[in-house]
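Note sheet for the following structure.
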Amino acid sequence: MKRKLANICNWFRDRAYREYEAILEEEIMERNLPEHVAIIMDGNRRFARKIGISTKDGYLYGAEVTERVIEWCFDLGIKQLTIYAFSIENFCRTDEEKQRLFELMRAEFDKLTRHEHVHSRGVRVRAIGNLDLLPGEVREAIYRAEHATEQYRCYRLFIAVAYSGRMEIVDSVRIIADMVKRGLITADEIDEDTISRHLYMGELEAGEVKIPVDLIIRTGGEMRLSNFVPWQASGNECAAYFCAPFWPEFRRIDLLRAIRTYQEREEQRKRYTMARMLKLARAFS
152 MKRKLANICN WFRDRAYREY EAILEEEIME RNLPEHVAII MDGNRRFARK IGISTKDGYL
212 YGAEVTERVI EWCFDLGIKQ LTIYAFSIEN FCRTDEEKQR LFELMRAEFD KLTRHEHVHS
272 RGVRVRAIGN LDLLPGEVRE AIYRAEHATE QYRCYRLFIA VAYSGRMEIV DSVRIIADMV
332 KRGLITADEI DEDTISRHLY MGELEAGEVK IPVDLIIRTG GEMRLSNFVP WQASGNECAA
392 YFCAPFWPEF RRIDLLRAIR TYQEREEQRK RYTMARMLKL ARAFS
């Protein structure tokens, strides 16, 4: 009897969530969507400890969610997605854990190489970061994914591996300094756009990509950005959405809530700008 009652309760809960998700999606599709979403996928190891499984299995659960989230974003019409897969700081982990992560990375890039939806949607896959630090088999898998999708322009998926936001800015400055040294540009010509064009994304896409991030999402209950796309996010005053679920627990409804947060922030900013303009107009009149 108790089990039957629990099943009924679960059915009503699932039905309510599906109805709420449908309503929420309908609402967000009536407003402007973010063009560029960046995600910090945090909490795989803590999720594994929570349910009593191995760290390896925790990462496998997380990889499955990553695949679903990529599809959700492009299904909604978000044109560019950047996900944080492996940071420079992650090299401090044990050799055993790094080996598991590198094996998973290689497998996931190979999946993207032949994924039906990647090709049917026209998703261009690119890796950003200091790729020379990665094992050869991972770099080869990255090359295969990039080469297989290099002709696509409808959507872009950037995967940050061996990545550091500060180092990205430093590398951009080094490129520009070398250009000045060779007489290609003058110091007076350097501005914010110059730096943006020589960040990892700009260098890869030759100016075709939208560099600023509109919305950054972090799972796992942490409220920090962990050196992830600092130039693209801070310079654009992007919306930030921090949520409690560990990455393997992240649901489509969580993504929809994050997008709603971005839309509400954009509307608030527009109202504030309009109020300032009216105030200035009254002052001058």
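Residue numbers (my numbering): 152 to 436.
In this text, a Cβ means the ideal position worked out from N, Cα and C, and glycines have one as well.
Practice problem: Run the CB neighbour count on Y392, radius 10 Å, all protein chains shown included, and call it buried at 16 or more, exposed below. | Solution: buried
Count Cβ pairs between the stretch 323-334 and the stretch 393-402 that sit closer than 8 Å; are there 3 or more? no
Is H266 helix, strand or coil when you go by DSSP? coil
For T245, which three-state DSSP category applies? coil
Exposed unless 16 or more other CB atoms sit within 10 angstroms - verdict on Q302: exposed
* Asked: What span of residues does the beta strand (DSSP E) with T233 cover, start to end?
  -> 231-238
Taking C-beta to C-beta, are E297 and V276 nearer than 8 Å? yes
For this session: Look up Y294 in the DSSP assignment and say whether it is helix, strand or coil.
Result: helix
8 Å Cβ cutoff met for F401 and Y306:
no
Kindly provide the ranges of any alpha helix (DSSP H) runs that are 4 or more residues long and lie completely inside the stretch 380-430, ordered along the chain. 381-385
If you reduce the DSSP assignment to three classes, tell me which class I174 lands in.
helix
In or out: R166 buried (at least 16 other Cβ within 10 Å) or exposed? exposed
- Going by Cα to Cα distance, which pick from G209, I239, E291 is closest to R200? G209
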